[in-house]
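K.L.:
Residue numbers (the working numbering), protein chains in the order written: chain A, 1 to 325; chain B, 326 to 598. Where is the CB? At the ideal position from N, CA and C, for every residue including glycine. Have a look at this one.
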């Protein structure tokens, strides 16, 4: 067990190194030096002293390997630098936006699982049945619907025509109080959460369906039926439980997908989360923020994948013994 | 050809829609004048018999604009998917065929790129490269190849373990001969499936970039570019959001459906699920 975890951690080291290198290269791919870009492209003038300070901060007068070394040392100390836009610490700006993105994506993920699992188990329990075909076609259509288009249509219907929900924003009242304030927050969350949910819904439901459809005819499910369990019980308690394990490892892949979705959805709904921070930073060439967010996003994905793999190994001894497949 | 005949009904319908879209694209120069005809007195007109899709904020006919954007969206989707496939199948193929240290190294690389949120990389590339159609194509290709590489690696590994490949190797066939005569025909079908899914994704990615304002530079406008005006007029002109998005949805679902059909047709033939 410990050997498996150690090996898995060891394998993550080169991946982590690769992530850091790619992020570093991303900065140097940018046209001009970050210093001129920060002043010129966004129309802001940078004073000679500030430019000098920035050049020193990034060590742009030093050769590439030395720059890389210095940058690594700062990243290891969790020093992500200062934003070009407002001179505040990048880590502060990220921590400010994080709760908004967590709320949005957490709710979206919860909703996705709550719908995808029953849907997938029902469809997988009876492959090629009417329910399977209809739900499959509906999910397929959702999967092909661009999220920004869905967002615009939902806004038109629910905000402009019906006037049920607000167009965008976090809350109508900046200091919400009591039940009304809570309801107001929820009404602002409704559309962005729906838009983030429906795309991953198709992906998850298909995975659950495939797992259950395959486990459905396994001996232990037939044995459960023979012992007198109802079809539903056999599916949920036996087939689904076994199909669940591979799904855990897929959770690691959800994170980059959700962050990607956040960029578009947070922009349309003026939601002050990480996605919008990233997009705004790209437009204003705020390189320290762009780099920090790329690094944080990739490292978080790696960490979640790692945790999922370890959880899988804890739950399934065949994985850690290397006897699976 | 045999693959096409084996397509399920939905796949044949999807193929028909894809062909129709390309025909529309071929004839789209006919409306290019109407698409760029600015008439401010006609601005934001709702759909009517003279403007079936309504008009945009500059009084241009929206139907003409959607038709004129068809070749742009389709061509960018196709070329970006081709770049991604070429990169992905080369890297994944090498990784799967040679195995060992090469495989370990390349697989790590794929894993690294997959850790990044796709849209983060896509936006950074699209915004940092000088704006041009080539930049959009490159940005999409450079960010989506890891998926193709994983797929290609698995397919090569499967084809490599087939009896006749092993027989050819035992008979002393050269690496080049095995690759060209035995492995390539076997990964052709998966390549086709991957290509169809890739085009759907690339069209979507281009639309997202253009919608966010970092896609194609003006005056070229794709469906995503037309849609980018929609949020500003959401209160008064729903048609700017509806019709270009509908074209996008139709195209993306047609390619996805075609890919799904191709997958079924080819996997049934080669006898595994």
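1) Just how far apart, CA to CA, sit residue 216 (chain A) and residue 566 (chain B)?
2) Along chain A, in chain order, which residues have C-beta atoms closer than 7 Å to that of residue 367 (chain B)?
3) Count the C-beta pairs between the stretch 84–97 of chain A and the stretch 266–284 of chain A that are closer than 8 Å, then say yes if the count reaches three, no if not.
4) Residues of chain A with CB under 8 Å from residue 581 (chain B), in chain order?
5) Measuring straight from C-alpha to C-alpha, what distance separates residue 294 (chain A) and residue 26 (chain A)?
6) If I measure Cβ to Cβ from residue 393 (chain B) and keep anything under 7 Å in the same chain, skipping five residues before and after, which residues do I get?
7) Would you kindly work out how many angstroms separate the C-alpha atoms of residue 380 (chain B) and residue 519 (chain B), rounded to a whole number?
8) Terminal residues of the continuous alpha helix (DSSP H) containing residue 200 (chain A)?
9) Note down, in chain order, each residue of its chain lying with its Cβ closer than 6 Å to the Cβ of residue 535 (chain B), except the 5 sequence neighbours on either side.
10) Under 8 Å, do residue 201 (chain A) and residue 139 (chain A) count as touching if we go by C-beta distance?
11) What does a CB cutoff of less than 7 Å around residue 44 (chain A) pick up in its chain, not counting 5 residues either side in sequence?
12) Look up residue 380 (chain B) in the DSSP assignment and say whether it is helix, strand or coil.
13) Go ahead and pull the three-state DSSP assignment for residue 82 (chain A).
14) For a test of your reading of the model: does the CB of residue 538 (chain B) fall under 7 Å from any non-hydrogen atom of the ligand MN? Yes or no.
15) Report the residue ranges of all alpha helix (DSSP H) runs contained in full by the stretch 418–486 of chain B; include only those spanning at least 4 residues, in chain order.
16) Between the stretch 444–457 of chain B and the stretch 499–506 of chain B, can you find at least three pairs of beta-carbon atoms closer than 8 Å?
17) Establish whether the CB of residue 264 (chain A) and some CB of chain B are separated by less than 8 Å.
18) Note down the Cα distance separating residue 371 (chain B) from residue 417 (chain B), rounded to an integer number of angstroms.
19) Based on the DSSP secondary-structure assignment, which residues constitute the bridge partners of residue 386 (chain B)?
20) Got a sec: is the Cβ-Cβ distance from residue 154 (chain A) to anything in chain B below 8 Å?
21) Can you tell which of A:148, A:233, A:220 and A:249 has the C-alpha that lies nearest to the C-alpha of residue 555 (chain B)?
22) So is residue 559 (chain B) in contact with chain A if we call contact Cβ pairs under 8 Å?
23) Mind checking residue 451 (chain B): buried by the 16 CB within 10 Å criterion, or exposed?
24) Under 8 Å: do the stretch 509–524 of chain B and the stretch 399–411 of chain B share three or more Cβ pairs, one atom per stretch?
25) Apart from the five residues on each side of it in sequence, which residues of its chain come closer than 7 Å, Cβ to Cβ, to residue 310 (chain A)?
26) Looking at residue 336 (chain B): is its Cβ nearer than 8 Å to the Cβ of residue 586 (chain B)?
27) What does the Cβ neighbour count give for residue 71 (chain A), buried or exposed, with the cut at 16 atoms within 10 Å?
28) Taking the straight line between their C-alpha atoms, what separation do you get for residue 39 (chain A) and residue 291 (chain A)?
29) For residue 164 (chain A), count the other beta carbons within 10 Å of its own beta carbon; 16 or more makes it buried, fewer makes it exposed. Which is it?
30) So, under 8 Å CB-CB, residue 512 (chain B) and residue 464 (chain B) are touching, yes? Tell me the CB distance rounded to an integer number of Å.
31) Report yes if the CB atom of residue 183 (chain A) is closer than 8 Å to the CB atom of residue 116 (chain A), and no otherwise.
32) Chain B beta carbons: is any one of them nearer than 8 Å to that of residue 203 (chain A)?
33) I'd like the list of long-range same chain contacts for residue 24 (chain A), defined as Cβ closer than 7 Å, with 5 residues on each side in sequence excluded.
34) Which value, in whole angstroms, describes the spacing of the CA atoms of residue 332 (chain A) and residue 153 (chain A)?
35) Report the option in B:436, B:440 and B:454 whose CA atom is closest to the CA atom of residue 474 (chain B).
36) Mind listing the chain B neighbours of residue 267 (chain A)? Cutoff is C-beta to C-beta under 8 Å, in chain order.
P.N.:
Looking at the atomic coordinates:
1) Straight through space, the alpha carbons of residue 566 (chain B) and residue 216 (chain A) are spaced by roughly 44 Å.
2) Correct list: empty, because the minimum Cβ distance to chain A is about 21 Å.
3) Contact annotation: the stretch 84–97 of chain A touches the stretch 266–284 of chain A, with at least three C-beta pairs closer than 8 Å.
4) By Cβ distance, chain A contributes 140, 143 and 144.
5) If I take the Cα positions, the gap works out to 9 Å.
6) Once the five neighbours on either side are set aside, the close Cβ partners of residue 393 (chain B) are 353, 356, 357 and 360.
7) Each residue's alpha carbon lies about 37 Å from the other.
8) 178–215 is the span of the alpha helix (DSSP H), which, as asked, contains residue 200 (chain A).
9) Correct list, in chain order: 541, 547, 549 and 550.
10) A contact, by the Cβ cut-off of 8 Å.
11) At residue 44 (chain A) the pLDDT is 48, less than 50, meaning the model places this residue with poor confidence and gives no usable figure here.
12) Correct three-state label for residue 380 (chain B): strand.
13) Residue 82 (chain A) carries a strand assignment under DSSP once its states are collapsed to helix, strand and coil.
14) Among the components modelled here there is no ligand, and therefore nothing to report on the ligand MN.
15) Segments of the alpha helix (DSSP H) lying fully in the stretch 418–486 of chain B: 425–440, 443–453 and 458–485.
16) With a cut-off of 8 Å, the stretch 444–457 of chain B and the stretch 499–506 of chain B do not count as touching, because too few Cβ pairs lie within range.
17) Interface residue, yes.
18) Taken atom to atom, the span from the alpha-carbon of residue 371 (chain B) to that of residue 417 (chain B) is near 50 Å.
19) Looking at the DSSP assignment, residue 386 (chain B) forms a beta bridge with B:380.
20) By this cut-off, residue 154 (chain A) is not an interface position.
21) Among A:148, A:233, A:220 and A:249, the Cα nearest to that of residue 555 (chain B) is on A:148.
22) Residue 559 (chain B) counts as touching chain A.
23) The Cβ neighbour count for residue 451 (chain B), taken over all protein chains shown within 10 Å, is at least 16; the residue is labelled buried.
24) Because the criterion of three Cβ pairs below 8 Å is met, the stretch 509–524 of chain B and the stretch 399–411 of chain B touch.
25) Cβ contact annotation for residue 310 (chain A) (same chain, cutoff 7 Å, sequence separation greater than five): 5 and 8, in chain order.
26) It is a contact, given that the beta carbons lie within the stated cut-off.
27) Burial call: buried.
28) Residue placement at residue 39 (chain A) is flagged as unreliable, the pLDDT there being 47, under the threshold of 50; the coordinate-derived value follows with that caveat. Cα to Cα, the separation comes out at about 18 Å.
29) Burial call: exposed.
30) Contact between residue 512 (chain B) and residue 464 (chain B) is ruled out by a C-beta separation of about 26 Å, above the 8 Å threshold.
31) Against a cut-off of 8 Å, the Cβ pair of residue 116 (chain A) and residue 183 (chain A) comes out as no contact.
32) No - not a single Cβ of chain B is within 8 Å of the one on residue 203 (chain A).
33) In its chain, beyond the 5 residues on either side, 68 and 71 have a beta carbon closer than 7 Å to the beta carbon of residue 24 (chain A).
34) In the structure as shown, chain A starts at 1 and stops at 325, and residue 332 (chain A) therefore has no counterpart that could be examined.
35) Nearest of B:436, B:440 and B:454 to residue 474 (chain B), Cα basis: B:436.
36) Here the neighbours are 537.
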